[in-house]
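Residue numbers (the working numbering), protein chains in the order written: chain A, 363 to 736; chain B, 344 to 576.
Ideal placement from N, C-alpha and C gives every residue a C-beta, glycine not left out.
The structure under discussion appears below in the form of structure tokens.
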Ligand code: SF4
């Protein structure tokens with residue numbers, strides 16, 4: 363479906379995280395496009411290669427509409443009828459994109475891949491207690507039988523998600539936002555899936571709840587789960603991820619260790635740099651222009667119309683090489699180091715939560731010069 | 344501020360809510376100085392959005408007083424005199440709930456001009472406003488379901504600026520948006536304020552954002568009279 367000749371080099375992004383373990387999930391040139399009326403196509407995901415190890419969290423970040431949620435749906439076999447896929451997505455020996463729906467329903471969803479949804483309230487059944495939902499899912503997914511065994515399975519999943527046992531007999535509407543999120547996480551854990559997929563788990567939450575949710579998810583990773591977290595919340599990604607994959611117009615444009623990405627030397631792709639520099643704690647400067655439509659992508663690098671570094675070379679789609687897909691990336695190690703940076707983890711959570719009063723307030727944001735010249 | 348220039352907006356001991364027995368806002372006072380950007384910081388559900396609606400004359404308080412340029416406000420919503428109502432531009436959190444799905448973005452942006460009988464102006468002014476918020480002309484013919492949340496929120500901001508308000512109220516304007524769109528919308532608000540001198544009330548739950556954006560940021564707890572005397576009013 364896509365022009366493979368432009369990207370002859372295979373880059374599976376297997377580079378590391380240093381866990382050394384065999385990957386749980388391996389995407390190789392995965393693409394998803396939607397067939398529209400009048401023979402048009404929307405290219406939602408293009409040539410994504412990525413590997414995720416047990417005990418590793420990769421944050422897939424990008425603006426809404428960049429294709430990251432379509433990628434999650436594809437892995438769960440939840441794409442609409444008009445979708446066409448290419449490439450492969452291996453979960454161990456099983457190839458997900460070509461798998462039959464019966465296989466996905468019987469062996470994959472809940473058992474090998476747990477979904478942590480964007481809106482826990484919408485994911486929980488309102489008329490049943492948390493306990494009864496956990497027990498039913500345990501019966502369905504793990505074949506657990508017998509009252510005592512089901513009770514134990516539900517309580518164990520609840521404990522792993524830090525859901526308090528004395529709230530198990532409550533209904534979803536009786537739970538705070540934080541507890542509803544933990545109940546949804548417990549439901550994702552009950553079938554014992556090694557891979558967790560979280561789709562914008564922090565959207566619309568207050569900052570302290572974002573941090574708690576993210577820290578709890580990180581605990582699952584430290585317990586050995588692999589977590590692919592899809593988010594547009596860069597602060598949440600910084601807090602949780604081992605590696606960051608930046609998606610723009612359906613492609614991964616940068617794949618980097620989170621420390622290097624959020625700290626020094628910083629991102630190497632101009633879009634990724636722009637995204638970080640837009641944060642209010644950094645430059646607060648927007649990237650000029652708007653993202654392209656996935657149904658009408660420009661030829662060549664999709665970021666070119668917004669990129670200050672674009673040259674004639676950018677008329678060809680850049681391949682992802684050494685973690686960055688750009689003809690003129692910031693050379694590794696030359697970016698100005700950013701203000702001291704701290705990785706996630708409960709140990710420094712307390713310090714991170716206290717915002718320092720700004721004395722050197724840099725003033726209101728300025729509109730960048732337009733670079734929309736080509 | 345000079346003694347002869349009253350603050351553009353003053354809220355005095357406002358009590359408001361949806362049930363008189365359980366007000367969500369109790370005795371809150373807040374003053375916006377001319378040209379000043381005030382951030383109001385609080386967790387979700389604390390009542391800050393209700394206060395923002397009172398401030399924008401969209402919700403009648405149960406008690407207390409709103410002074411617009413020193414003049415007490417006597418009517419809310421459609422009962423507010425037009426020159427008071429049109430002093431405000433308001434942007435909410437959820438653009439999909441705030442935009443008529445049948446209108447094109449261009450009609451959406453020009454809505455306040457047509458509603459105030461300035462149809463002739465609407466065409467030119469819509470183009471200007473779209474450019475100010477960074478919307479490209481090809482998007483203006485689309486309807487809300489054909490654009491992203493960020494693009495629709497840009498249109499809602501343009502609509503809020505259509506009548507050149509003296510006071511802008513942004514209630515969690517960027518809570519659903521990515522970092523770049525957030526910075527772009529804030530930059531558009533600040534461009535407008537630099538040119539017009541309008542005051543701003545920005546309501547939100549993100550301290551880093553409000554402190555970077557606004558001249559001063561007050562926490563919701565500080566406004567409640569039981570916590571300590573209100574800083575103003
Ligand atoms: S390939 Fe060219 S246009 Fe694309 S991000 Fe790199 S420099 Fe910019």
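| Check | Outcome |
| --- | --- |
| Give the DSSP-derived three-state secondary structure of residue 594 of chain A in the structure shown. | coil |
| Determine the chain B residues that contact residue 566 of chain A at a beta-carbon separation under 7 angstroms, and present them in chain order. | 518 and 519 |
| The alpha helix (DSSP H) with residue 392 of chain B in it runs from where to where? | 391 to 398 |
| To be precise: take each residue of the region 400 to 429 of chain B, compare its Cβ to all Cβ atoms of chain A, and keep it if any distance is under 8 angstroms. Which residues remain? | none |
| Taking beta-carbon pairs under 7 angstroms, can you tell me which members of the region 594 to 615 of chain A lie near chain B? | 594 and 596 |
| At a cut of 8 angstroms, does the region 444 to 451 of chain A reach the region 629 to 648 of chain A through at least three beta carbon pairs? | no |
| So if I threshold CB-CB distances at 7 angstroms, which residues from the region 622 to 645 of chain A count as touching chain B? | 636, 637, 640, 641, 642 and 643 |
| Please check the pair residue 657 of chain A and residue 402 of chain A, which I expect to be a contact at CB under 8 angstroms, by giving their CB distance rounded to whole angstroms. | 6 angstroms |
| Here's the rule I'm using: 16 or more other beta-carbon atoms within 10 Å means buried, otherwise exposed. How should residue 578 of chain B be labelled? | The requested residue 578 of chain B is not part of the displayed model; chain B covers only 344 to 576. |
| Kindly provide the ranges of any alpha helix (DSSP H) runs that are 4 or more residues long and lie completely inside the region 628 to 687 of chain A, ordered along the chain. | 632 to 639 |
| Listing by chain order, which chain A residues have their CB less than 9 angstroms from the CB of residue 525 of chain B? | 640, 641, 642, 646 and 648 |
| Can you find a CB in chain B that lies within less than 8 angstroms of the CB of residue 426 of chain A? | yes |
| Taking 5 angstroms as the limit, name every residue whose beta carbon sits nearer than that to some heavy atom of the ligand SF4, in sequence order. | A/632, A/663, A/665, A/666, A/669, A/671, A/672, A/676, A/680, A/688, A/689 and A/690 |
| Within the continuous alpha helix (DSSP H) that includes residue 469 of chain B, where are the two ends? | 462 to 475 |
| Strictly below 8 angstroms CB to CB, what residues from chain B border residue 569 of chain A? | 548, 549 and 550 |
| Got a sec, what are the start and stop residues for the alpha helix (DSSP H) residue 499 of chain B sits in? | 492 to 504 |
| Assuming the contact rule is C-beta atoms closer than 8 angstroms, residue 449 of chain A and residue 393 of chain A should be a hit. Round their C-beta distance to whole Å, please. | 5 angstroms |
| Should residue 398 of chain A go down as buried or exposed, given a rule of 16 or more other Cβ atoms within 10 Å for buried? | exposed |
| In this structure, does DSSP put residue 361 of chain B in helix, strand or coil? | coil |
| Buried or exposed: where does residue 466 of chain B fall if 16 or more other Cβ atoms within 10 Å of its Cβ makes it buried? | exposed |
| Should the region 551 to 567 of chain B be regarded as contacting the region 485 to 503 of chain B, the criterion being three or more beta carbon pairs within less than 8 angstroms? | no |
| For residue 551 of chain A, which option in A/383, A/468 and A/500 has the closest C-alpha, if you only look at C-alpha atoms? | A/500 |
| Does DSSP classify residue 432 of chain B as helix, strand or coil? | strand |
| Based on DSSP bridge pairs, tell me the residues matched to residue 480 of chain B. | Note: residue 480 of chain B sits in no beta bridge, so no partner. |
| Figure out for me which residue from B/478, B/481, B/405 and B/433 has the closest Cα to the Cα of residue 362 of chain B. | B/405 |
| Examine chain B for any beta-carbon lying closer than 8 angstroms to the beta-carbon of residue 704 of chain A, and answer yes or no. | At residue 704 of chain A the pLDDT is 38, less than 50, meaning the model places this residue with poor confidence; the figure from the coordinates comes in the next sentence. So no, residue 704 of chain A is outside the interface. |
| Just how far apart, CA to CA, sit residue 417 of chain A and residue 581 of chain A? | 10 angstroms |
| Could you work out which residue in A/567, A/543 and A/495 is closest to residue 553 of chain A when comparing CA atoms only? | A/495 |
| Using a Cβ-Cβ distance cut-off of 8 angstroms, determine whether residue 404 of chain A contacts chain B. | no |
| Of all the options A/669, A/688 and A/664, which has the alpha carbon lying nearest to the alpha carbon of residue 407 of chain A? | A/664 |
| Which value, in whole angstroms, describes the spacing of the CA atoms of residue 493 of chain B and residue 390 of chain A? | 31 angstroms |
| Relative to the alpha-carbon of residue 458 of chain B, which residue among B/472, B/434 and B/505 has its alpha-carbon at the smallest distance? | B/505 |
| Can you name the residues that DSSP bridges to residue 370 of chain B? | BP columns for residue 370 of chain B are empty, so no partner. |
| Given this structure, state the Cα-to-Cα distance separating residue 455 of chain B from residue 670 of chain A, to the nearest angstrom. | 37 angstroms |
| Residue 524 of chain A by DSSP, collapsed to three states: which one? | coil |
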